[in-house]
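One line per chain: the protein sequences are A and B, in this order.
As numbered in this note's numbering, residues 1 to 139 make up the first sequence, in order.
As numbered in this note's numbering, residues 1 to 139 make up the second sequence, in order.
C-beta atoms are modelled at their ideal positions from N, C-alpha and C, and glycine is treated no differently.
Number of protein chains: 2
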Amino acid sequence: MSDLLERLRGRGWRMTAQRRVVAEVLDGDHVHLTADEVHAAAVTRLPEISRATVYNTLGEMVTLGEVIEVATDGRAKRYDPNAHRPHQHLVCGRCGAIRDVHPGGDPLADLPDTERFGFTISNVEVTYRGICPSCASTA
Amino acid sequence: MSDLLERLRGRGWRMTAQRRVVAEVLDGDHVHLTADEVHAAAVTRLPEISRATVYNTLGEMVTLGEVIEVATDGRAKRYDPNAHRPHQHLVCGRCGAIRDVHPGGDPLADLPDTERFGFTISNVEVTYRGICPSCASTA
DNA sequence: ATCCTACAATGGACATTGTCCAAGTCAAGC
DNA sequence: GCTTGACTTGGACAATGTCCATTGTAGGAT
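Quick look at the structure:
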């Protein structure tokens, strides 16, 4: 069952075949698909779905706070449905693999007032970069 | 005088008018220009400089480790010449302003081995997001 | 069950950002 | 002042994302 779909339904979202397919494709843990990957997967279930609809739907999910947008590589944005639990990302610089990670500590507490320049800070993103085990073994 | 230019010269870089202009445009603190912004600024000094050259030059500076590439918004990459001193970024979600900040603590130490999944981690990027004072006052 | 209507989907044009390449140009050493 | 290999150019191309007029449809009202 799709948790993501349930959450969206509960918000009075008008449910269409397209939105259902996008939500189903995106559901799960350690999912970090690009918009085009979502589209490609959606097309196998609903061949006539358009790119614009996938972009619109992902954008709405982000606005609703049910999906997080992640920019790990400066190329395409990735969409992470794991929005209900705070987490950070660990990225392999060679193959691009992404894992959700849960660091201890509060990164916000590490930023003293003198370094905040009067900003009201609402969230902190941490990206750990390195090489994953399988890339390391084929160095 | 351009520190960035000095450092590049010291590495045996072949010095051309184009590279000089790009280095001069990019030099300074709290500089976080996109490639196109660099190009626009460069054109005012050297009208015939091409986009390709700006991209090439920025890419080389990044490879040499004299400039850092920052992806704060999933749109265009930004180029930060402040590569000699480790720092993180504070970004205004409304106007896009960026400040360099220097948090205390070591974010790497906050990630336990059990959360590293065998990765060899080489660096950590932290992005603080919020609203800057001038945007807050015109809410 | 059918009708209405506001909201959603479509697809294709357009925008932005970035990469590539063949040909011309030039900095730096001799 | 040559020569040469590295640098620059401009334009084509690629990837990602946005916009909009038109068409379709979900879900409430009748």
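- For Arg99(B), the C-beta contacts it makes with chain A under 7 Å involve Phe117, in order along the chain.
- Setting aside the 5 residues that flank it on each side, Gly93(A) is surrounded in the same chain by Arg129, Gly130 and Ile131, each with a C-beta closer than 8 Å to its C-beta; the list follows chain order.
- The beta carbons of Thr72(B) and His89(B) sit about 6 Å from each other, so the pair counts as a contact at 8 Å.
- Look at Asp36(B): its C-beta is not under 7 Å from any C-beta on chain A.
- Of the candidates Val70(B), Thr44(B), Glu69(B) and Ala35(B), the residue whose Cα lies closest to the Cα of Tyr55(B) is Ala35(B).
- Taking 9 Å as the cut-off between beta carbons, the residues of the region 108-132 of chain B near chain A are Leu108, Ala109, Asp110, Leu111, Pro112, Glu115, Arg116, Phe117, Gly118, Phe119, Thr120, Ile121, Ser122, Asn123, Val124, Glu125, Val126, Thr127, Tyr128, Arg129, Gly130, Ile131 and Cys132, in sequence order.
- Here the alpha carbon of Pro47(B) sits roughly 20 Å from the alpha carbon of Leu5(B).
- Taking a C-beta distance under 7 Å as the contact criterion, Val126(B) and Val126(A) qualify as a contact pair.
- Ranked by Cα distance from Arg99(B), the first of Ala41(A), Cys95(A) and Gly118(A) is Gly118(A).
- Annotation for Asp27(B): no beta strand (DSSP E) segment contains it, and DSSP assigns it neither H nor E.
- Residues of the region 64-87 of chain B with a C-beta atom less than 9 Å from some C-beta of chain A are Glu69, Val70, Ala71, Thr72, Asp73, Gly74, Arg75, Ala76 and Lys77, listed in chain order.
- His39(B) is a Cβ neighbour of Arg51(B), given a cutoff of 7 Å.
- Taking a cut-off of 8 Å on C-beta distances, the region 101-110 of chain A touches the region 101-116 of chain B, as three or more cross pairs fall below it.
- Secondary structure within the region 47-103 of chain B: the beta strand (DSSP E) runs of 3 or more consecutive residues, fully enclosed, are 68-70, 78-80, 88-92 and 98-101 (chain order).
- Chain B has a Cβ within less than 7 Å of the Cβ of Gly105(A).
- Between Glu115(B) and Pro133(A) a beta carbon distance of about 14 Å is seen, past the 8 Å cut, so the two are scored as non-contacting.
- Nearest to Ala42(A) by alpha-carbon distance, out of His30(A), Thr53(A) and Val25(A), is Val25(A).
- When DSSP states are grouped into helix, strand and coil, Thr44(A) belongs to the helix group.
- Pairing Arg20(B) with Leu8(B), the inter-Cα distance amounts to about 10 Å.
- With distances taken between CA atoms, Trp13(A) lies nearest to Met61(A) out of Ile49(A), Gly28(A), Met61(A) and Cys135(A).
- Annotation for Glu125(A): the continuous beta strand (DSSP E) segment containing it runs Thr120 to Ile131.
- Where Glu6(A) is concerned, the enclosing alpha helix (DSSP H) starts and stops at Asp3 to Arg9.
- Non-local beta-carbon contacts of His30(B) in its own chain, meaning distances under 7 Å to residues more than five positions away in sequence, involve Arg99 and Asp100 in chain order.
- Residue environment: Asp80(A) is assigned as buried (16 or more neighbouring CB atoms within 10 Å of its CB, all protein chains considered).
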